[in-house]
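Visitor: Could you have a look at this structure, given as structure tokens, before my questions?
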Amino acid sequence: MSEEAGGVRAVILAGGKGTRLMPLTENLPKPLVPVGGLPILEIIVRQLRHFGIDDLTLSVGHLHGLLESHFGDGKDWGVGIDYSHEADPLGTAGPIALVDRLSDPFLVLNGDLLCSIDYGELIAQHRASGAMVTIASYPKEVKIELGVLETEGDRLVDYVEKPVIPYRVSMGIYAMSPTVLSAIPAGQRFDLPDLVKRLIADGQTVNLYRFDGYWRDIGTMDEYAAANEEFPDVRPRLNID
Numbered sequence: 000m001s002e003e004a005g006g007v008r009a010v011i012l013a014g015g016k017g018t019r020l021m022p023l024t025e026n027l028p029k030p031l032v033p034v035g036g037l038p039i040l041e042i043i044v045r046q047l048r049h050f051g052i053d054d055l056t057l058s059v060g061h062l063h064g065l066l067e068s069h070f071g072d073g074k075d076w077g078v079g080i081d082y083s084h085e086a087d088p089l090g091t092a093g094p095i096a097l098v099d100r101l102s103d104p105f106l107v108l109n110g111d112l113l114c115s116i117d118y119g120e121l122i123a124q125h126r127a128s129g130a131m132v133t134i135a136s137y138p139k140e141v142k143i144e145l146g147v148l149e150t151e152g153d154r155l156v157d158y159v160e161k162p163v164i165p166y167r168v169s170m171g172i173y174a175m176s177p178t179v180l181s182a183i184p185a186g187q188r189f190d191l192p193d194l195v196k197r198l199i200a201d202g203q204t205v206n207l208y209r210f211d212g213y214w215r216d217i218g219t220m221d222e223y224a225a226a227n228e229e230f231p232d233v234r235p236r237l238n239i240d
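Note that this note's numbering has the sequence shown beginning at 0, numbered continuously upward.
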């Protein structure tokens, strides 16, 4: 395990409506949906505290009062929590521009993740690299259920039956340097993919952190059901106790 990431702030995006988890989210913000008997965001808060990250900002919007009532100032979990409010939905990157005191490298993460990532190691790699943004990434494979034709013009040069194409996907966890804020337009809807594309177009360095452990994005009913089923087995790896 890495050293603790003391002095690092974490901005947790917790303002979405969670429409793909209806009816669970009809009267409950998605970050409060329980996994293994704990609200998913409480699991994240406990994990961050384990790695010495105890200065947290929740970026809230939809049903924010329930989140604020549950977490308060964070003292029950040994952290400090404040809140950044969106008057109107600003996407996934826009809310970052509303957060004060981002003067050092910081984390941005979705509030609906279940994973065993080492946040300290992620921050350490980001600091050492000098990158503007480091994106936590996870391996995924897409199987094409057809024969794929590889051609040069009209000439067939290969026939690949049902290939499996490997990708690395974003986990919804980012380490960022504070200079990134200048690339986020204030008061406008702006998403994290837009931010990353802008940085690349401007010649800035965006790196990957390669993670191959346990990860689920609790965004659909199927993923939610799988997370609850797997939770008893993965709990010892989550650093929440």
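Virtual Cβ for every residue (Gly too), placed ideally from N, Cα, C.
So, for Leu148: in the same chain, excluding its five sequence neighbours on each side, which residues have a beta-carbon less than 7 Å away from its beta-carbon?
Guide: For Leu148, where only same-chain residues beyond five positions count, the Cβ hits under 7 Å are Leu155, Tyr158.
Visitor: Do Leu66 and Leu55 have their CB atoms nearer than 8 Å?
Guide: no
Visitor: Assuming Ile217 and Asp103 form a contact by the criterion Cβ under 8 Å, report the distance between their Cβ atoms to the nearest whole angstrom.
Guide: Not a contact, Cβ separation roughly 29 Å.
Visitor: Out of Leu23, Thr24, Arg19, Pro28, point me to the one whose CA is closest to Ala13's CA.
Guide: Taking only the C-alpha atoms, the option nearest Ala13 is Pro28.
Visitor: Along the chain, where does the alpha helix (DSSP H) that runs through Val195 open and close?
Guide: 191-200
Visitor: Answer yes if the region 40-51 comes into contact with the region 84-94, meaning at least three C-beta pairs across the two stretches below 8 Å, and no otherwise.
Guide: Under the 8 Å Cβ criterion, the region 84-94 does not count as touching the region 40-51, having fewer than three qualifying pairs.
Visitor: With DSSP collapsed to three states, give me the class of Thr24.
Guide: coil
Visitor: Using 10 angstroms around the beta-carbon of Gly71, count the other beta-carbons present and answer buried if the total reaches 16, otherwise exposed.
Guide: exposed
Visitor: Which one or two residues does DSSP pair with Ser102 in a beta bridge?
Guide: BP columns for Ser102 are empty, so no partner.
Visitor: Please go through the same chain and pick out, in chain order, the residues whose beta-carbon is closer than 8 Å to the beta-carbon of Gly79, but skip the five residues on each side of it.
Guide: Result list for Gly79: Asp53, Asp54, Leu55, Asp72, Gly73, in chain order.
Visitor: In angstroms with no decimal places, state the Cα-to-Cα distance between Pro192 and Gln203.
Guide: 14 Å
Visitor: Per the contact definition of three or more C-beta pairs closer than 8 Å, is the region 226-240 in contact with the region 123-133?
Guide: no
Visitor: Determine the burial state of Pro231: buried for a count of at least 16 other Cβ atoms within 10 Å of its Cβ, exposed for fewer.
Guide: exposed
Visitor: Smallest Cα separation from Leu198: which of Gly15, Asp211, Ser181, Val59?
Guide: Here the closest residue by C-alpha is Ser181.
Visitor: Tell me Ser79's beta-bridge partners as DSSP assigns them.
Guide: At residue 79 the sequence reads Gly, which differs from the Ser that was named. Its beta-bridge partners are Asp54.
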